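J.: Just dropping this structure here.
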Amino acid sequence: MQHMPTAKNEQLNTNLFNDFLCLLQGKIRRQVLVNTQPEKVKECHQLRHGECRQCAACCKLIFRCPFLSSDNRCSIHESPVRPRSCQVFPIARQDLEDVRRSSGNICGFWFASDKN
Ligand code: SF4
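Heads up, the final residue of the sequence shown is numbered 196 in the working numbering, and it's a clean run with no missing numbers.
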């Protein structure tokens, strides 16, 4: 028997798709920034406060990083091959929102101003 899509299911699918698009946009934004505007990244970090709580939520945005070990630790954290976009996360307030949107986690960092 074929199930008809309900309005509730369609809304759920729309929300999931919108979340996916936002997270994808965030990944692309961070890649572009670290590769084309390293000075901008430094400026953004001057507004950043707090510290990493090692929750690994940023290692699971859209997909689980293959270098994340079973105990939620980055297996290449000290390696030079660790992506620059991981090293500088979070760059801006939108990144905190991506963490919340993806996992409901609260990143240990926060930003002092709305400038970025
Ligand atoms: S989401 Fe924030 S607190 Fe959690 S691991 Fe990433 S940088 Fe650290």
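Note that CB positions come from ideal geometry on N, CA and C, so glycine has one too.
All figures in this text were calculated on a predicted structure; none of them were measured in a lab.
What's the C-alpha gap between LEU127 and GLN111?
T.: Whole-angstrom Cα-Cα distance: 20 Å.
J.: Compute every distance between the C-beta of GLN134 and the non-hydrogen atoms of ligand 1, then say whether any falls below 7 Å.
T.: Yes, since a heavy atom of ligand 1 falls inside the 7 Å radius drawn around the Cβ of GLN134.
J.: Which two residues bound the contiguous beta strand (DSSP E) that contains PHE143?
T.: From DSSP, PHE143 is part of no beta strand (DSSP E); its letter is neither H nor E.
J.: Would the C-beta of ASN236 count as close to ligand 1, meaning under 7 Å from any of its heavy atoms?
T.: In this structure the chain extends from 81 to 196, so residue 236 is not present and cannot be described.
J.: When DSSP labels each residue in this structure, what does TRP190 get in the three-state scheme?
T.: DSSP places TRP190 in strand when its eight states are reduced to three.
J.: Taking the Cβ atom as the reference point for each residue, do ASP151 and GLY106 lie within a distance shorter than 8 Å?
T.: No. Outside cutoff.
J.: Taking Cβ to Cβ, would you say SER182 is nearer than 8 Å to ALA137?
T.: Yes, the pair counts as a contact, with Cβ atoms nearer than the cut-off.
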